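In the working numbering, each residue's number is its place in the sequence shown (first place is 1) plus 34.
Cβ coordinates follow ideal geometry from the N, Cα and C atoms, glycine included.
Owing to the predicted nature of the structure, the values given are computational and were not obtained by experimental measurement.
Report on one structure; see the data block that follows.
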Amino acid sequence: MSATTIEAHCNARPTRLAFILPGPDRGLLMSVFARATSLWGGVFNPIVILDGSMREVRGIQEEMSSRGEYLESQADLLKAFDPDFLISFSPDPLPEQLKDFQHRTFPAAKLDWQSRQDEATSCFVDVWPILEELWEKEFRFSSEPPIKFRFINKAESEQSLLLAARYGLYSNDDSYDFLEKNFKASPTVYDAPFKAALGSEAFHTPLSLTGYHCTQRRQIVHSHAYFLVNPENPFDVVDFWNLRAAGMVLLALTLDDYMDFEQPVRDFGALAAYPINERVTNHAVLIKARGISDEDLAAVAKWVTSLGSIKDFSTMGWVPRYNMDYYGVVSELDIRPVSAYESSPV
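Printed below as a string of structure tokens:
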């Protein structure tokens, strides 16, 4: 009797949550960023704003590709991410264009359960149990922290949608105290020296800390992009959030301070240049958010080109969609185990 061997490969991933917002409410969006900061850093966690009537669309390419089909594009996004659950902050059922996901939709109140009368516990695995194990294995007996943690002050993060989406934030002060006490984390100010040195010193932020030792696979095309964004436009910032959650590596730039990032822009361009195959080399691309004009895109592109060190640089006047074969969602994580032997013999 012959025997057959069957091999199966299983890739681990966090539970995928999509956050459904009724409109571009700034306070609600901030609360979602804070929630996702503790849920694997927002990886695989897209945000959908149902009411797109206030979305500003500028630029010839973007105007042609948008074509007024806003909710259809949100349906494409959800199909690409394929979330396990949709967490809705709206009391109404999903619109017709998203009805295929209605059976996966739950109210936001279902995110937590009351473990005790005065304490709510997340129904999903968040970062705190992982941090406790990380402290036990890597920090407890180490004289020098094996990895560095820094965070933007909560008050400053709350003043900028982009800062919250880029570095994460916590909803309560105790979380920041926890990082300072147990991980020797230090607060930092988002100023010109910080921007100029970005990338020169390796450190973790509340958002990147969640995905420590978890590396998302690259996008096939345009894996690395500068993203020119209006930092207070909810739709622009959500586009930044979703592209990053889908697996793109982004360096956010704004019209107010992009010149402060001269060295990080150079370094990012070098990082983006790697061979895809024997004939094709990836390169950095400058993508404009929908609220940015073509004229502003051209001005920033001219400045990037003037730096002289970035080869094969190009621009894109439209935000990548999720209904095309080469702009999907990178669905796998490469996970390395946390080991105390990496930093200490204890």
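query, result
"Bridge-paired residues (DSSP) for residue 309", "315"
"Rounded separation between residue 82 and residue 321 - CA only", "20 Å"
"Buried/exposed call for residue 127, threshold 16 Cβ in 10 Å", "exposed"
"For residue 102 and residue 138, the rounded distance between their alpha carbons", "26 Å"
"C-alpha gap between residue 335 and residue 261, whole angstroms", "11 Å"
"Where residue 379 sits in the DSSP three-state scheme", "Only weak support exists for where residue 379 lies, its pLDDT of 48 falling under 50; the value from the coordinates is given anyway. Residue 379: coil per DSSP, three-state reduction."
"Residue 261 - DSSP class collapsed to helix/strand/coil", "strand"
"C-alpha gap between residue 316 and residue 291, whole angstroms", "26 Å"
"Residue 146, DSSP secondary structure in three states", "strand"
"One or two residues paired with residue 350 in a DSSP bridge", "321"
"Where residue 153 falls: helix, strand or coil (DSSP)", "strand"
"Cβ neighbours of residue 347 in the same chain (closer than 8 Å, five flanking residues each side left out)", "303, 317, 318, 319, 320, 335, 338 and 339"
"Of the listed residues 61, 354, 88 and 181, nearest to residue 165 (C-alpha basis)", "181"
"First and last residue of the uninterrupted beta strand (DSSP E) at residue 70", "Residue 70 -> not in any beta strand (DSSP E); alpha helix (DSSP H) instead, spanning 60–71."
"DSSP three-state assignment for residue 396, whether helix, strand or coil", "For residue 396 there is no data in the structure shown, the boundaries of the chain being 35 and 380."
"Distance, residue 219 Cα to residue 185 Cα", "7 Å"
"Nearest candidate by alpha-carbon position, reference residue 259, set 59, 354, 142 and 206", "354"
"Length of the line joining the Cα atoms of residue 239 and residue 214", "12 Å"
"At least three beta-carbon pairs within less than 8 Å, the stretch 203–212 to the stretch 61–77", "yes"
"Residues bridged to residue 238 (per DSSP)", "183"
"Alpha-carbon spacing of residue 429 relative to residue 195, whole angstroms", "Nothing can be reported for residue 429, as the shown portion of the chain is limited to 35 through 380."
"Limits of the unbroken beta strand (DSSP E) element including residue 82", "81–83"
"Beta strand (DSSP E) segment containing residue 51, residue limits", "51–55"
"Within the stretch 104–145, ranges of the alpha helix (DSSP H) (whole runs, at least 4 residues)", "104–115"
"Pairwise C-alpha distance: residue 271 and residue 280", "14 Å"
"Touching by the beta-carbon criterion (3+ pairs, under 8 Å), the stretch 129–137 and the stretch 105–115", "yes"
"Nearest-angstrom Cβ-Cβ length linking residue 226 and residue 263, presumed shorter than 8 Å", "Not a contact, Cβ separation roughly 19 Å."
"Endpoints, beta strand (DSSP E) assigned at residue 209", "Run containing residue 209: none in the beta strand (DSSP E); it sits in the alpha helix (DSSP H), 207–217."
"C-alpha gap between residue 192 and residue 60, whole angstroms", "10 Å"
"Residue burial classification, residue 50 (beta-carbon count within 10 angstroms, cutoff 16)", "buried"
"CB-CB length for residue 55 against residue 123, believed under 8 Å", "5 Å"
"Per-residue DSSP class, three states only, for residue 220", "strand"
"Status (buried if at least 16 other CB within 10 Å, exposed otherwise) for residue 314", "exposed"
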